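Trainee: Offset between the sequence shown (1-based) and our numbering: plus 35.
We put the CB at the ideal spot given by N, CA and C, even for glycine.
Bear in mind that the values here come from a model prediction, so they are computed numbers and not experimental data.
Here's a structure for you.
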Amino acid sequence: MEKRKKILLRTSWISVIGNALLSLLKIIVGVIAGSMSVLSDGIDSASDVITSIIILLTSTIITRPPNSKYAYGRQKAENMASTILSFVIFFMGCQIFITSLDKIISKEVGEVPSMLAIWVTLFSIIGKLFLAWYQFRQGRKIDSSMLKANAINMKNDVIISGGVLIGVGCTIFLNLPIIDAILAALIGLYIVYSALSIFKEANVALMDGVSDTTIYEKIIQAVEKVPNVYNPHRIRTSQIGNMYNIVLDIEVDGNLSLNEAHEIAQNVEGSIKESIKNVYDIVVHIEPKGAKHCIEKFGINKENLESF
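Now the structure itself:
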(Lines of atoms letter the chains of each structure in order from A and count residues from 1; the text may use other names and numbers.)
(Lines give C-alpha, C1' and ligand atoms only; values in the text may rest on other atoms or scores of the structure.)
Protein backbone atom coordinates (compact mmCIF):
# COMPACT_ATOMS: atom_id res chain seq x y z
CA MET A 1 0.00 0.00 0.00
CA GLU A 2 2.84 2.40 0.83
CA LYS A 3 4.51 1.66 -2.52
CA ARG A 4 1.19 2.27 -4.32
CA LYS A 5 0.78 5.59 -2.51
CA LYS A 6 4.26 6.73 -3.59
CA ILE A 7 3.58 5.84 -7.23
CA LEU A 8 0.22 7.65 -7.18
CA LEU A 9 1.71 10.79 -5.63
CA ARG A 10 4.75 10.87 -7.92
CA THR A 11 2.67 10.28 -11.05
CA SER A 12 0.15 12.95 -10.01
CA TRP A 13 2.84 15.58 -9.37
CA ILE A 14 4.48 14.88 -12.74
CA SER A 15 1.06 15.28 -14.37
CA VAL A 16 0.34 18.57 -12.56
CA ILE A 17 3.71 20.12 -13.41
CA GLY A 18 3.79 18.83 -17.01
CA ASN A 19 0.27 20.00 -17.83
CA ALA A 20 0.80 23.38 -16.14
CA LEU A 21 3.91 24.07 -18.24
CA LEU A 22 2.25 22.96 -21.51
CA SER A 23 -0.90 24.94 -20.74
CA LEU A 24 1.01 28.14 -19.97
CA LEU A 25 3.13 27.76 -23.11
CA LYS A 26 0.12 27.22 -25.41
CA ILE A 27 -1.88 30.09 -23.91
CA ILE A 28 1.03 32.54 -24.31
CA VAL A 29 1.84 31.37 -27.85
CA GLY A 30 -1.86 31.32 -28.77
CA VAL A 31 -2.13 34.99 -27.86
CA ILE A 32 1.17 35.99 -29.52
CA ALA A 33 0.61 33.92 -32.70
CA GLY A 34 -3.06 34.93 -32.98
CA SER A 35 -4.38 31.34 -33.00
CA MET A 36 -7.69 30.69 -31.25
CA SER A 37 -7.32 26.92 -31.68
CA VAL A 38 -3.93 26.89 -29.92
CA LEU A 39 -5.33 29.16 -27.20
CA SER A 40 -8.31 26.79 -26.74
CA ASP A 41 -5.91 23.84 -26.61
CA GLY A 42 -4.02 25.65 -23.85
CA ILE A 43 -7.21 26.19 -21.87
CA ASP A 44 -7.99 22.49 -22.31
CA SER A 45 -4.58 21.64 -20.86
CA ALA A 46 -5.40 23.93 -17.92
CA SER A 47 -8.39 21.68 -17.18
CA ASP A 48 -5.95 18.75 -17.08
CA VAL A 49 -4.13 20.51 -14.24
CA ILE A 50 -7.41 20.48 -12.30
CA THR A 51 -7.97 16.77 -12.96
CA SER A 52 -4.41 16.01 -11.91
CA ILE A 53 -4.96 17.90 -8.65
CA ILE A 54 -8.11 15.82 -8.09
CA ILE A 55 -6.01 12.68 -8.54
CA LEU A 56 -3.36 14.06 -6.18
CA LEU A 57 -5.94 14.72 -3.45
CA THR A 58 -7.56 11.32 -3.99
CA SER A 59 -4.17 9.62 -3.68
CA THR A 60 -3.88 10.87 -0.11
CA ILE A 61 -7.43 9.73 0.74
CA ILE A 62 -7.36 6.13 -0.53
CA THR A 63 -4.24 5.22 1.48
CA ARG A 64 -5.77 6.14 4.85
CA PRO A 65 -6.27 3.11 7.12
CA PRO A 66 -9.75 1.69 7.89
CA ASN A 67 -11.67 2.97 10.91
CA SER A 68 -15.09 2.46 12.51
CA LYS A 69 -16.77 4.63 9.86
CA TYR A 70 -14.94 3.15 6.86
CA ALA A 71 -14.34 -0.47 7.83
CA TYR A 72 -13.16 -1.35 4.30
CA GLY A 73 -10.95 1.72 4.01
CA ARG A 74 -11.40 4.52 1.48
CA GLN A 75 -10.12 2.93 -1.73
CA LYS A 76 -13.43 3.41 -3.53
CA ALA A 77 -12.58 7.11 -3.59
CA GLU A 78 -10.44 6.15 -6.58
CA ASN A 79 -13.53 5.05 -8.51
CA MET A 80 -15.35 8.22 -7.42
CA ALA A 81 -12.44 10.30 -8.74
CA SER A 82 -12.65 8.44 -12.07
CA THR A 83 -16.35 9.33 -12.24
CA ILE A 84 -15.56 13.01 -11.58
CA LEU A 85 -12.89 12.89 -14.28
CA SER A 86 -15.42 11.43 -16.72
CA PHE A 87 -17.73 14.41 -16.12
CA VAL A 88 -14.87 16.89 -16.63
CA ILE A 89 -13.88 15.16 -19.88
CA PHE A 90 -17.54 14.90 -21.01
CA PHE A 91 -18.31 18.59 -20.58
CA MET A 92 -14.99 19.53 -22.17
CA GLY A 93 -15.89 17.42 -25.24
CA CYS A 94 -19.40 18.91 -25.40
CA GLN A 95 -17.99 22.44 -25.20
CA ILE A 96 -15.52 21.77 -28.02
CA PHE A 97 -18.25 20.22 -30.20
CA ILE A 98 -20.81 23.01 -29.60
CA THR A 99 -18.26 25.80 -30.13
CA SER A 100 -16.98 24.20 -33.33
CA LEU A 101 -20.51 23.57 -34.63
CA ASP A 102 -21.39 27.20 -33.98
CA LYS A 103 -18.37 28.34 -36.03
CA ILE A 104 -19.34 26.01 -38.89
CA ILE A 105 -22.96 27.23 -38.95
CA SER A 106 -22.07 30.92 -38.62
CA LYS A 107 -19.21 30.51 -41.14
CA GLU A 108 -16.97 32.47 -38.83
CA VAL A 109 -13.48 32.81 -40.30
CA GLY A 110 -10.57 33.31 -37.92
CA GLU A 111 -7.36 35.14 -38.58
CA VAL A 112 -4.38 33.36 -40.08
CA PRO A 113 -1.91 32.56 -37.28
CA SER A 114 1.88 32.58 -37.47
CA MET A 115 4.13 29.51 -37.83
CA LEU A 116 4.88 29.71 -34.11
CA ALA A 117 1.47 28.09 -33.51
CA ILE A 118 2.55 24.98 -35.43
CA TRP A 119 5.82 24.58 -33.53
CA VAL A 120 4.24 24.89 -30.08
CA THR A 121 1.52 22.39 -31.08
CA LEU A 122 4.17 19.87 -32.19
CA PHE A 123 5.96 20.33 -28.88
CA SER A 124 2.66 19.87 -27.04
CA ILE A 125 1.94 16.59 -28.87
CA ILE A 126 5.34 15.18 -27.87
CA GLY A 127 4.86 16.28 -24.25
CA LYS A 128 1.33 14.88 -24.02
CA LEU A 129 2.39 11.57 -25.57
CA PHE A 130 5.01 11.17 -22.87
CA LEU A 131 2.55 12.09 -20.08
CA ALA A 132 -0.12 9.72 -21.46
CA TRP A 133 2.38 6.86 -21.78
CA TYR A 134 3.72 7.46 -18.27
CA GLN A 135 0.24 7.72 -16.69
CA PHE A 136 -0.99 4.52 -18.37
CA ARG A 137 2.22 2.61 -17.55
CA GLN A 138 2.01 3.55 -13.88
CA GLY A 139 -1.75 2.96 -13.81
CA ARG A 140 -1.32 -0.55 -15.21
CA LYS A 141 1.58 -1.19 -12.83
CA ILE A 142 -0.59 -0.59 -9.74
CA ASP A 143 -3.94 -1.37 -11.44
CA SER A 144 -5.31 2.13 -10.85
CA SER A 145 -8.52 2.99 -12.73
CA MET A 146 -7.93 6.63 -11.80
CA LEU A 147 -4.52 6.85 -13.50
CA LYS A 148 -5.77 4.88 -16.50
CA ALA A 149 -8.70 7.31 -16.86
CA ASN A 150 -6.30 10.25 -16.76
CA ALA A 151 -4.10 8.51 -19.34
CA ILE A 152 -7.13 8.30 -21.65
CA ASN A 153 -7.69 12.00 -21.03
CA MET A 154 -4.07 12.67 -22.00
CA LYS A 155 -4.51 10.57 -25.14
CA ASN A 156 -7.53 12.69 -26.01
CA ASP A 157 -5.33 15.77 -25.63
CA VAL A 158 -2.89 14.33 -28.16
CA ILE A 159 -5.78 13.86 -30.59
CA ILE A 160 -6.96 17.42 -29.88
CA SER A 161 -3.48 18.82 -30.48
CA GLY A 162 -3.20 16.73 -33.65
CA GLY A 163 -6.46 18.23 -34.88
CA VAL A 164 -5.23 21.69 -33.96
CA LEU A 165 -2.01 21.04 -35.88
CA ILE A 166 -3.92 20.01 -39.02
CA GLY A 167 -6.35 22.89 -38.60
CA VAL A 168 -3.60 25.47 -38.16
CA GLY A 169 -1.68 23.99 -41.09
CA CYS A 170 -4.76 24.19 -43.34
CA THR A 171 -5.41 27.73 -42.18
CA ILE A 172 -1.83 28.85 -42.92
CA PHE A 173 -1.04 26.93 -46.11
CA LEU A 174 -4.45 26.45 -47.74
CA ASN A 175 -6.34 29.35 -46.22
CA LEU A 176 -9.19 26.98 -45.24
CA PRO A 177 -10.03 27.72 -41.58
CA ILE A 178 -13.33 25.81 -41.88
CA ILE A 179 -11.36 22.52 -41.71
CA ASP A 180 -10.15 23.55 -38.27
CA ALA A 181 -13.75 23.80 -37.02
CA ILE A 182 -14.84 20.50 -38.62
CA LEU A 183 -11.91 18.59 -37.10
CA ALA A 184 -12.56 20.19 -33.71
CA ALA A 185 -16.22 19.05 -33.83
CA LEU A 186 -15.20 15.46 -34.59
CA ILE A 187 -12.63 15.57 -31.81
CA GLY A 188 -15.31 16.81 -29.41
CA LEU A 189 -17.53 13.81 -30.24
CA TYR A 190 -14.63 11.41 -29.70
CA ILE A 191 -13.91 12.95 -26.29
CA VAL A 192 -17.57 12.57 -25.27
CA TYR A 193 -17.41 8.88 -26.24
CA SER A 194 -14.23 8.41 -24.16
CA ALA A 195 -15.85 10.11 -21.16
CA LEU A 196 -18.85 7.78 -21.32
CA SER A 197 -16.50 4.75 -21.42
CA ILE A 198 -14.64 5.97 -18.31
CA PHE A 199 -17.94 6.67 -16.50
CA LYS A 200 -19.26 3.20 -17.30
CA GLU A 201 -16.13 1.42 -16.06
CA ALA A 202 -15.82 3.50 -12.85
CA ASN A 203 -19.45 2.95 -11.87
CA VAL A 204 -19.19 -0.84 -12.11
CA ALA A 205 -17.08 -0.78 -8.94
CA LEU A 206 -19.28 1.85 -7.27
CA MET A 207 -22.28 -0.44 -7.80
CA ASP A 208 -20.38 -3.36 -6.20
CA GLY A 209 -19.82 -5.08 -9.52
CA VAL A 210 -16.70 -6.38 -11.27
CA SER A 211 -15.37 -5.48 -14.69
CA ASP A 212 -13.90 -8.93 -15.29
CA THR A 213 -16.69 -11.47 -14.72
CA THR A 214 -14.33 -14.40 -15.42
CA ILE A 215 -13.29 -14.01 -11.79
CA TYR A 216 -16.26 -16.24 -10.82
CA GLU A 217 -14.93 -19.09 -12.96
CA LYS A 218 -11.52 -18.67 -11.32
CA ILE A 219 -13.08 -18.78 -7.83
CA ILE A 220 -15.05 -21.96 -8.59
CA GLN A 221 -11.99 -23.63 -10.12
CA ALA A 222 -9.87 -22.64 -7.10
CA VAL A 223 -12.44 -24.04 -4.66
CA GLU A 224 -12.72 -27.32 -6.57
CA LYS A 225 -8.98 -27.88 -6.11
CA VAL A 226 -9.47 -28.18 -2.33
CA PRO A 227 -10.30 -31.73 -1.11
CA ASN A 228 -13.55 -32.40 0.78
CA VAL A 229 -15.27 -29.21 -0.41
CA TYR A 230 -18.60 -29.36 -2.21
CA ASN A 231 -21.03 -27.05 -3.99
CA PRO A 232 -19.43 -23.59 -3.92
CA HIS A 233 -22.40 -21.22 -4.23
CA ARG A 234 -23.77 -17.77 -3.42
CA ILE A 235 -20.45 -16.31 -4.58
CA ARG A 236 -20.38 -12.51 -4.43
CA THR A 237 -17.49 -10.36 -5.54
CA SER A 238 -17.05 -6.60 -5.44
CA GLN A 239 -14.14 -4.24 -6.08
CA ILE A 240 -12.55 -2.02 -3.48
CA GLY A 241 -10.20 0.19 -5.46
CA ASN A 242 -8.06 -2.25 -7.41
CA MET A 243 -8.75 -5.18 -5.05
CA TYR A 244 -11.44 -7.86 -4.80
CA ASN A 245 -13.69 -8.54 -1.82
CA ILE A 246 -14.98 -12.13 -2.07
CA VAL A 247 -17.81 -13.81 -0.13
CA LEU A 248 -18.95 -17.40 -0.77
CA ASP A 249 -20.68 -20.43 0.74
CA ILE A 250 -19.29 -23.96 0.62
CA GLU A 251 -20.49 -27.35 1.84
CA VAL A 252 -18.44 -29.83 3.87
CA ASP A 253 -19.12 -33.08 5.71
CA GLY A 254 -21.46 -32.21 8.58
CA ASN A 255 -19.68 -34.65 10.92
CA LEU A 256 -16.39 -32.77 10.81
CA SER A 257 -15.16 -31.01 13.92
CA LEU A 258 -15.07 -27.22 14.05
CA ASN A 259 -11.28 -27.26 13.80
CA GLU A 260 -11.39 -29.49 10.72
CA ALA A 261 -14.04 -27.33 9.03
CA HIS A 262 -12.02 -24.20 9.84
CA GLU A 263 -8.90 -25.71 8.30
CA ILE A 264 -10.83 -26.48 5.11
CA ALA A 265 -12.09 -22.89 4.97
CA GLN A 266 -8.51 -21.64 5.31
CA ASN A 267 -7.43 -23.96 2.49
CA VAL A 268 -10.20 -22.51 0.31
CA GLU A 269 -8.98 -18.97 1.05
CA GLY A 270 -5.42 -19.96 0.23
CA SER A 271 -6.41 -21.60 -3.06
CA ILE A 272 -8.39 -18.52 -4.15
CA LYS A 273 -5.51 -16.18 -3.29
CA GLU A 274 -3.16 -18.34 -5.37
CA SER A 275 -5.49 -18.06 -8.38
CA ILE A 276 -6.52 -14.41 -8.11
CA LYS A 277 -4.33 -11.37 -7.63
CA ASN A 278 -5.27 -8.33 -5.54
CA VAL A 279 -7.58 -10.03 -3.04
CA TYR A 280 -8.64 -7.64 -0.26
CA ASP A 281 -10.63 -10.10 1.86
CA ILE A 282 -12.35 -13.49 1.63
CA VAL A 283 -15.30 -14.60 3.77
CA VAL A 284 -16.15 -18.31 3.62
CA HIS A 285 -19.47 -19.51 5.07
CA ILE A 286 -19.54 -23.25 5.81
CA GLU A 287 -22.68 -25.40 5.54
CA PRO A 288 -23.21 -29.16 6.03
CA LYS A 289 -23.21 -31.17 2.80
CA GLY A 290 -26.68 -31.59 1.31
CA ALA A 291 -28.25 -28.85 3.43
CA LYS A 292 -31.51 -27.44 2.09
CA HIS A 293 -31.25 -23.86 0.86
CA CYS A 294 -33.91 -21.25 0.60
CA ILE A 295 -34.27 -19.37 -2.70
CA GLU A 296 -31.14 -17.28 -3.11
CA LYS A 297 -31.58 -13.91 -4.80
CA PHE A 298 -27.90 -13.02 -4.84
CA GLY A 299 -24.66 -14.66 -5.81
CA ILE A 300 -23.22 -16.94 -8.47
CA ASN A 301 -22.88 -20.73 -8.54
CA LYS A 302 -21.74 -23.23 -11.13
CA GLU A 303 -25.25 -23.74 -12.52
CA ASN A 304 -26.20 -20.10 -13.07
CA LEU A 305 -22.73 -18.87 -14.06
CA GLU A 306 -23.47 -18.72 -17.78
CA SER A 307 -26.81 -16.92 -17.34
CA PHE A 308 -25.23 -13.91 -15.63
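Would you list, in sequence order, the uninterrupted beta strand (DSSP E) runs of no fewer than 3 residues that lie entirely inside the stretch 232-319?
Mentor: 265-275 and 278-287
Trainee: Does the beta-carbon of F132 have 16 or more other beta-carbons within 10 angstroms, so that it is buried, or is it exposed?
Mentor: As a position in the sequence shown, residue 132 is number 97, starting the count at 1. Counting Cβ neighbours within 10 Å, F132 comes out buried, since at least 16 surround it.
Trainee: Thinking just about the alpha-carbon of each residue, which of I96, V73, N54 and A55 is nearest to the one in K41?
Mentor: The residue labelled residue 41 in the question sits at position 6 within the sequence shown. Taking only the C-alpha atoms, the option nearest K41 is I96.
Trainee: Return the residue from the list S232, C205 and I317 that minimises the CA-CA distance to I187.
Mentor: What you label residue 187 is simply residue 152 of the sequence shown in a count that begins at 1. Of the listed residues, the one whose Cα sits closest to I187 is S232.
Trainee: Are the beta-carbon atoms of V318 and V287 separated by less than 9 Å?
Mentor: Against the sequence shown, residue 318 aligns to sequence position 283. Against the sequence shown, residue 287 aligns to sequence position 252. Result no, Cβ atoms of V318 and V287 do not sit closer than 9 Å.
Trainee: Under three-state DSSP, which class holds E338?
Mentor: Along the sequence shown, read from residue 1 onward, the residue named residue 338 stands at position 303. Reduced to three states, the DSSP call for E338 is coil.
Trainee: Assuming D178 contacts N313 (C-beta within less than 8 Å), just tell me the rounded distance between them.
Mentor: Position 143 of the sequence shown, counted from the first residue, corresponds to residue 178. Position 278 of the sequence shown, counted from the first residue, corresponds to residue 313. 6 Å between Cβ atoms; contact.
Trainee: Alpha carbons only, please: which of H268, I307, N302 and I254 is nearest the one belonging to F333?
Mentor: By 1-based counting over the sequence shown, the position of residue 333 is 298. When only C-alpha atoms are compared, the closest one is H268.
Trainee: Could you say which of V51, V193, I90 and G197 lies nearest to S121 if we only look at CA atoms?
Mentor: For this step, residue 121 is matched to residue 86 along the sequence shown. The option with the nearest alpha carbon to S121 is I90.
Trainee: State the DSSP-derived secondary structure class of I177, mapped to helix, strand or coil.
Mentor: In the sequence shown, counting from the first residue as 1, residue 177 sits at position 142. In the structure shown, I177 sits in coil (DSSP, three-state: anything other than H, G, I, E or B).
Trainee: How many Å lie between S88 and N280 at the Cα?
Mentor: As a working note, residue 88 is residue 53 in the sequence shown. As a working note, residue 280 is residue 245 in the sequence shown. Residue 88 is actually Ile in this sequence, not Ser. If you take the alpha carbons of I88 and N280, they lie about 29 Å apart.
Trainee: Could you please give the first and the last residue of the uninterrupted alpha helix (DSSP H) stretch that includes I140?
Mentor: Here residue 140 is taken as the residue at index 105 of the sequence shown, counted from 1. That run of the alpha helix (DSSP H) goes A112 to S141.
Trainee: Alpha carbon to alpha carbon, how far is T248 from A237? Give it in angstroms, no decimals.
Mentor: The count along the sequence shown starts at 1 and reaches residue 237 at position 202. The count along the sequence shown starts at 1 and reaches residue 248 at position 213. Rounded to the nearest angstrom, the two C-alpha atoms are 15 Å apart.
Trainee: Work out the CA separation of L166 and I52 for me, nearest whole Å.
Mentor: Residue mapping note: residue 52 aligns to position 17 of the sequence shown, counting from 1. Residue mapping note: residue 166 aligns to position 131 of the sequence shown, counting from 1. Roughly 11 Å separates the two Cα atoms.
Trainee: What is the rounded straight-line gap between the Cα of E322 and the Cα of D316?
Mentor: The count along the sequence shown starts at 1 and reaches residue 322 at position 287. The count along the sequence shown starts at 1 and reaches residue 316 at position 281. Those two C-alpha atoms are separated by around 20 Å.
Trainee: Sort L56, I222 and L92 by Cα distance to T134 and report the nearest one.
Mentor: Position 99 of the sequence shown, counted from the first residue, corresponds to residue 134. Of the candidates L56, I222 and L92, the one whose C-alpha sits nearest the C-alpha of T134 is I222.
Trainee: Indicate whether T86 and Y169 have their beta-carbon atoms separated by less than 9 Å.
Mentor: Along the sequence shown, one-based indexing puts residue 86 at 51. Along the sequence shown, one-based indexing puts residue 169 at 134. No.
Trainee: Going by the beta-carbon positions, is the gap between A257 and N114 smaller than 9 Å?
Mentor: The sequence position of residue 257 within the sequence shown is 222, counting from 1. The sequence position of residue 114 within the sequence shown is 79, counting from 1. No. Outside cutoff.
Trainee: Give the straight-line distance between the Cα atoms of P100 and L92, rounded to the nearest whole angstrom.
Mentor: In the sequence shown, counting from the first residue as 1, residue 100 sits at position 65. In the sequence shown, counting from the first residue as 1, residue 92 sits at position 57. Between P100 and L92, the C-alpha separation is close to 16 Å.
Trainee: When you compare each of N294, G174, K337 and M278 to Q110 by their alpha carbons, which one comes out closest?
Mentor: If you number the sequence shown from 1, residue 110 lands on position 75. Minimum Cα distance to Q110 is reached at M278.
Trainee: Going by alpha carbons, who is nearest to Y251 out of F234, V264 and S273?
Mentor: As a first step, residue 251 must be located in the sequence shown, where it is residue number 216. Shortest Cα-Cα distance from Y251 to any of F234, V264 and S273 involves S273.
Trainee: Rounded to the nearest angstrom, what separates T206 and I139 at their Cα positions?
Mentor: Taking the sequence shown and counting its residues from 1, the one referred to as residue 206 is at position 171. Taking the sequence shown and counting its residues from 1, the one referred to as residue 139 is at position 104. T206 and I139: Cα-Cα distance of roughly 14 Å.
Trainee: Where does N290 land, buried or exposed, given buried means 16+ other C-beta within 10 angstroms?
Mentor: The count along the sequence shown starts at 1 and reaches residue 290 at position 255. With fewer than 16 Cβ atoms within 10 Å of its Cβ, N290 is classed as exposed.
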